[in-house]
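What follows is a set of notes on a single structure, which appears directly below.
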Amino acid sequence: MIPGLFPVFALLILGLWLIAGALRIREATRRAGLVLLGISLLLFLLYLLRLWAFLERPPLRTLGETRLWYAFFLPIIALILDLRWRLGWFTVSALVMAGLFLGYDLIHPEAFEKELMPALMSSWFVPHVVVYLAGYALLGGATLAAGRGLHIELTGGASRPQIEIADRLVHLGYAFLTLGLLFGAFWAKEAWGHYWSWDPKETWALLTWLVYLGYIHYRIHRAEARLGAAFWLVAGFIILLVAWFGLSALPAARSSVHVYG
Amino acid sequence: VLKHLSRPIPLAAALFLFGFWLEAIINGLAPALRPSGLSWPENLYLLAILVFGLLILRLRFAATPLVRFLGGIPAALASLLLLFSIVLLAGLVPQHHDESGAFFRLFGLNRLIPSAPFLLAGILFLVTLGLATLKRLVPWRAGNPGFLFNHLGLWIAAAGLFFGQGDLSEVRITAREGIPSLRAEDAAGRSAALPFSLRLEKFIMEEHPSRPALYDPHTGRFSPLGEDGRLPPPGDEWRITVIEYLAEAVADSAIYRSESEGVTAPAARIAAVNARTSERREGWISFGNHLVPPAALSLGRVLVTLEEPRPKRFASTVTIIPREGEPFASLIEVNRPVSVAGWTLYQFSYDRSLGRWSPVSIISARRDPWLPVVYAGFWLLVAGTLLLLREGPRRTRAAMREEEAR
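As given, the protein sequences belong to chains A and B, one line each in that order. Be aware that the first sequence starts at 1, since it is given in this note's numbering, and climbs by one per residue. Be aware that the second sequence starts at 1, since it is given in this note's numbering, and climbs by one per residue.
Now the structure itself:
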């Protein structure tokens with residue numbers, strides 16, 4: 001992150017999201033909330049481009065930088081869904097989740113490194129990571145929808161619309177996950193000589209992919225089982241988070257080439 | 001979830017337990033029987049038998065309850081669940097770890113891939129996915145291209161991975177500048193013959209500029225300067241400015257000077273100012289290397305020196321001399337491998353003690369005859385995924401329901 005500028009930027013965005021979320025909750029000010037959200041995302045994009053120029057490399061190398069992209073993608077998904085289906089609860093929970101990721105980066109600023117190691121200098125680097133983060137954001141959105149559905153089901157309601165939205169997001173998220181996995185395989189072949197080496201990151205990426213592949217089949221198998229679907233998505237997101245952040249804490253992953261500082 | 005998976009769970013659980021029981025028997029009684037990768041041509045025969053068997057099942061026994069079940073979604077879920085469980089174990093238990101306890105070793109938990117349960121999971125995966133694909137393929141129908149591409153692509157890639165694993169070869173060539181390397185060694189140190197030899201012209205390592213850092217002689221650790229030039233604790237009352245940076249320098253009595261030939265190392269002349277006492281010190285620092293001596297600036301209890309340079313680029317210029325054909329010059333670089341006579345050459349390592357002055361480059365040569373098969377599957381899967389995005393969730397699910405009903 002750009003020293004000095006990042007805290008200012010992050011606090012500005014968090015403030016804008018707070019106001020946008022508060023406006024969005026009330027139907028009367030929905031439009032104003034979404035416009036403000038749109039403006040905040042434009043600012044976010046400008047910051048990402050500025051960061052890219054400052055670092056002289058794609059800002060996709062460290063976990064902190066990936067959190068930044070996640071915090072960017074998730075509200076975009078919310079904005080699109082909200083414009084189409086009027087999903088205030090989704091927008092607000094997406095802003096809370098994105099705010100947590102951005103806030104984490106604010107509290108734990110990382111030393112910025114301009115250098116890329118030779119293995120990362122590949123044209124696969126940007127597509128592999130961006131596609132993955134877009135997939136993660138979509139699946140994070142699916143988890144928010146599932147959480148809402150779970151709450152409704154457990155309090156005696158019917159969560160059909162929420163699970164329907166979760167299904168759509170999983171569908172897109174799974175497609176992005178598949179592309180990310182395959183781009184990673186093509187890249188690994190060029191960089192390390194084999195497209196699959198059971199590196200712990202690969203193992204956990206495969207687990208994440210299997211969870212959502214299983215979910216899609218489960219939804220055909222038991223279309224009416226909304227509670228089961230909601231549980232599945234919440235558990236699946238835990239696997240996803242382990243694959244993303246948990247590797248450095250796993251004894252099985254000490255030797256991973258994917259553990260980043 | 002559990003009661004909704006009344007058929008998939010028992011099937012996956014039974015195969016899971018059977019697989020580990022088999023693994024324990026093999027490891028306990030006859031470790032020599034441990035499955036190893038199949039190699040040419042047995043793997044091709046087995047693959048042909050699998051394809052033939054699946055076709056027979058589809059053409060002659062499609063209506064039987066077993067074949068209907070195996071080609072359907074409950075069996076797909078069982079197969080995904082079984083694979084997930086074994087891969088999850090492989091993601092939790094350290095793999096290829098020789099100090100694992102007796103329990104882990106008996107059940108093969110420290111080397112799950114491949115293992116008996118993993119092979120069972122692979123077979124169930126190929127059978128269920130294969131039958132689901134054949135439902136769509138035989139008899140041939142138009143429609144649902146996304147379904148076809150995704151299932152067929154995944155099956156081809158999985159079959160290529162499963163059956164082709166044993167035909168992978170990797171050898172390492174230790175190439176020395178100017179000397180043709182005829183020998184290569186595999187991971188076990190056995191020498192291997194290659195259809196070409198390779199002469200290293202030059203090993204190239206470019207480095208990023210080094211930065212001043214606090215050096216702790218007790219731990220041997222380097223901590224970089226802060227943005228404002230302030231040293232990290234315990235040196236945080238000092239601010240460092242670089243007066244002069246020499247990317248390529250040699251030591252000349254107490255100073256360093258630029259030198260364009262021979263072995264050089266980065267060096268810098270820095271000034272340190274104490275924020276509390278305003279004391280100022282100046283001096284030369286360098287990380288040094290095997291010929292250039294290192295230097296540090298002492299600031300009371302702490303030392304400042306240059307960090308070890310970080311690599312920016314690894315490459316080797318080589319001349320490849322094929323057994324048949326003309327020699328040719330080539331550049332092997334990280335992320336830019338070179339193919340020759342069925343082998344692909346990768347920049348792998350160098351003599352780390354000499355860093356960028358290494359006269360040795362270690363090249364990894366790989367051969368994977370099944371790669372075109374696996375990649376055909378991967379690209380079908382890419383196409384299927386793009387179709388998935390185009391068709392959208394509603395039509396994708398309609399297609400899956402339609403195929404499931406067959």
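All C-beta atoms in this analysis are idealised placements derived from N, C-alpha and C, irrespective of residue type, glycine included. Fair warning: this is a prediction, and the values are worked out from it, not measured in the lab.
| Asked | Found |
| --- | --- |
| Cα-Cα separation between G101 of chain B and Y212 of chain A, rounded to whole angstroms | 33 Å |
| Local conformation of E177 of chain B per DSSP, three classes | strand |
| Reduced DSSP category for D228 of chain B - H, G, I as helix; E, B as strand; rest coil | coil |
| Near-chain B residues of the stretch 72-92 of chain A (beta-carbon distance less than 8 Å), N- to C-terminal order | none |
| is_contact[P118 of chain A, chain B] using C-beta, thresh 8 Å | yes |
| Length-filtered (3 minimum) beta strand (DSSP E) runs lying within the stretch 195-282 of chain B | 196-207, 212-216, 221-224, 238-252, 255-258 and 265-274 |
| Nearest-angstrom beta carbon gap, L152 of chain B and T133 of chain B [assumed within contact, 8 Å] | 5 Å |
| Proximity to S210 of chain B [Cα-Cα], best of B:L46, B:R221, B:L137 and B:P309 | B:P309 |
| Chain-order list of residues whose beta-carbon lies under 8 Å from that of L11 of chain A (same chain, five-residue window excluded) | L106 |
| Status (buried if at least 16 other CB within 10 Å, exposed otherwise) for I266 of chain A | The requested residue 266 of chain A does not occur in the structure, where chain A is confined to residues 1 to 261. |
| Three-state class that DSSP yields for E185 of chain B in the structure shown | strand |
| Separation of Y70 of chain A from A146 of chain A, as counted between CA atoms | 19 Å |
| Proximity to V273 of chain B [Cα-Cα], best of B:R301, B:R257, B:R239 and B:V250 | B:R239 |
| L139 of chain A at chain B interface by Cβ criterion, 8 Å | no |
| Three-way DSSP call (helix, strand, coil) for A63 of chain B in this model | coil |
| Under 7 Å by beta carbon: chain B residues contacting E110 of chain A | By Cβ distance, chain B contributes nothing, its closest Cβ being about 12 Å from E110 of chain A, past 7 Å. |
| Bridge partners - S248 of chain A, DSSP secondary structure assignment | Answer is none; S248 of chain A lacks a bridge partner. |
| heavy atom of the ligand NAP below 7 Å from P127 of chain A C-beta | No copy of the ligand NAP appears in this structure; indeed no ligand is present at all. |
| Test: A134 of chain A CB closer than 8 Å to a CB of chain B | no |
| Nonlocal neighbours in the same chain, by C-beta distance under 6 Å from L274 of chain A, ignoring five residues either side | Examination of residue 274 of chain A is not possible in this model, given that chain A is present from 1 through 261 alone. |
| Candidates B:L44, B:R136 and B:P139: closest to G164 of chain B by CA position | B:L44 |
| Where P59 of chain A falls: helix, strand or coil (DSSP) | coil |
| Contacting positions in the stretch 272-295 of chain B - beta carbon closer than 9 Å to chain A | none |
| First and last residue of the uninterrupted alpha helix (DSSP H) at I2 of chain A | Neither: I2 of chain A is in no alpha helix (DSSP H) and is coded neither H nor E. |
| Amino acids of chain A, ordered along the chain, whose beta-carbon sits closer than 9 Å to that of F196 of chain B | Residues of chain A passing the Cβ test: none, with the nearest at roughly 17 Å. |
| Best match in B:K135, B:V302 and B:A184 for proximity to P217 of chain B [C-alpha to C-alpha] | B:V302 |
| Burial state of L291 of chain B (16 or more Cβ within 10 Å) | exposed |
| Inter-residue spacing [alpha-carbon to alpha-carbon] between G261 of chain A and T62 of chain A | Below a pLDDT of 50, predicted positions are generally treated as unreliable, and G261 of chain A, at 40, falls in that range; the measurement from the model is reported next regardless. Each residue's alpha carbon lies about 7 Å from the other. |
| Short CB-CB distance (under 8 Å) between F162 of chain B and chain A | no |
| DSSP three-state assignment for L331 of chain B, whether helix, strand or coil | strand |
| Backbone CA spacing between D98 of chain B and R111 of chain B [nearest angstrom] | 9 Å |
| L161 of chain B versus K114 of chain A - alpha carbon distance | 37 Å |
| Segments assigned alpha helix (DSSP H), at least 4 residues, entirely inside the stretch 199-231 of chain A | 200-221 |
| Proximal residues of chain B, C-beta to C-beta of A212 of chain A below 7 Å | Per the sequence presented here, residue 212 of chain A reads as Tyr, with Ala not at that position. What Y212 of chain A touches in chain B: nothing, since even the nearest Cβ is about 10 Å away. |
| Collapsed DSSP secondary structure at V374 of chain B in the structure displayed | helix |
| Within 8 Å, strictly: CB atoms of A329 of chain B and T344 of chain B | no |
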